[in-house]
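Chemist: Chains as they are written, first to last, in this note's numbering: chain U, 1 to 178; chain D, 1001 to 1104.
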Amino acid sequence: MMPLSAIAFYLISAFLLITALLSVTGRNIFRSAIWLLFSLLGVAAIYFWLELNLLAAVQIVVYVGGIVVLIIFSVFLTRGSGQELPTLRRSRHFFALLAVISGFLFTAWSLWLYGYRQTASDAVVADVRTIGKQMLSIEAGGYALPFEMVSILLLASMVACIAIAMKLPDSKTTNTPK
Amino acid sequence: MQHVPLLHILVVSTALFFIGMYGMFTRRNLITILMSLELMLNSVNINLAAFQRYLYPQQTDGIFLSLFIIIIAAAEAAIAIAIIIHLYRTYHSVDVEDATELKY
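(1) For Val58(U) and Ile1070(D), which I take to be in contact (beta-carbon distance under 8 Å), what is that distance rounded to the nearest angstrom?
(2) Once the 5 residues before and after Ala194(U) are set aside, which same chain residues still bring their CB inside 8 Å of it?
(3) Could you name the residues that DSSP lists as bridge partners for Asn1029(D)?
(4) Count the other CB atoms, across all protein chains shown, that sit within 10 Å of the CB of Lys178(U); report buried if there are 16 or more and exposed otherwise.
(5) Which chain U residues sit within Cβ distance under 8 Å of Leu1039(D)?
(6) Is the beta carbon of Leu1016(D) less than 8 Å from the beta carbon of Ser1043(D)?
(7) Please classify Trp112(U): is it buried, with 16 or more other beta-carbons within 10 angstroms of its beta-carbon, or exposed?
(8) Taking all protein chains shown into account, decide if Thr87(U) is buried (16 or more other Cβ within 10 angstroms of its Cβ) or exposed.
(9) Is Arg1027(D) buried or exposed, if buried means 16 or more other CB atoms sit within 10 Å of its CB?
(10) 8 Å is my cut-off, CB to CB: does Leu136(U) come that close to chain D?
(11) On the three-state DSSP scale, how would you describe Lys178(U)?
(12) Do Ile71(U) and Leu1039(D) have their C-beta atoms within less than 8 Å of each other?
(13) Just the C-alpha distance for Tyr1022(D) and Ala8(U), rounded to the nearest angstrom, thanks.
(14) Candidates Ser151(U), Ser157(U), Asp127(U): which alpha carbon is nearest Gln1059(D)'s?
(15) Who are the Cβ neighbours of Tyr1054(D) in its own chain at under 6 Å, not counting the five residues just before and after it?
(16) Could you tell me which chain D residues have their CB closer than 8 Å to the CB of Ala45(U), listed as they occur along the chain?
Shown next as structure tokens:
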């Protein structure tokens, strides 16, 4: 008889993998974005299962609330959402499946060979207060410098987004493609 | 949590990574390629969180690494979508086969 937490883990991972598969194989782009949303929620559920509550909250806020919404917006901005994607040649599917399955088997085999030895895992997880203090600490083990670098990166990427997606004046857009 | 070995979580994350890779190989639409990329980044995050929880439960480095990966993935997705929208404006398509100006 499996304990309840193990059953929960296998259910969550089955949900996660099935929705991820539907997301990469679906022909309707809007539907695959919705499946991606469910898959990211499954990842957040795995974080909750690992008792990493802060990480799960950040995953839901940033991925589900931010990136998926951005992707859905870009789907609406670029092409009709009801349009079907074209199907590829059969040989390309075959070689992609071959590469993916052999890569998965090789990686799983080498993981199995390594055989991770599990140390004591009943220690309490760091709470949000500890994590926040460590993130802004400048002493040994603190993450103040990466924090600042990430904030500069976010600012730079915001400026870059505006600069890339800005509509150019008409005189510069004359080089239309053939 | 003790009843599930670490290996099973790693196998799940490996499967998620290769599902994303399958999407990258078979898709030709830039937005769906971006979605596959997000799946691959998430599988790496599951790895880091599981290592942190199982092997080094006293430390917090796994959480920080995952947090920074999530933040950088958000920045990367924003820039990628800006590029996709610009590409759509120029070529009226988001198919990777149609953007061939640098190819020849």
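Every residue, glycine too, gets a C-beta built ideally from N, C-alpha and C. From a predicted model like this one, the values you see are computed outputs, not experimental measurements.
Modeler: Reading it off the structure:
(1) 6 Å
(2) There is simply no residue 194(U) to check, as chain U begins at 1 and stops at 178 in what is shown.
(3) Asp1095(D)
(4) Low confidence applies here, because Lys178(U) scores a pLDDT of 46, under 50, leaving its location unreliable; read the following figure in that light. Classification for Lys178(U): exposed.
(5) Ala20, Ser23, Val24, Leu36, Ser39
(6) yes
(7) exposed
(8) exposed
(9) buried
(10) no
(11) Any reading at Lys178(U) needs caution, since the residue's pLDDT is 46, under 50, leaving its predicted position unreliable; the model's value is listed next. Three-state result, Lys178(U): coil.
(12) no
(13) 27 Å
(14) Asp127(U)
(15) Leu1006
(16) Near Ala45(U) there are no residues of chain D at all, since even the closest Cβ is about 11 Å away, more than 8 Å.
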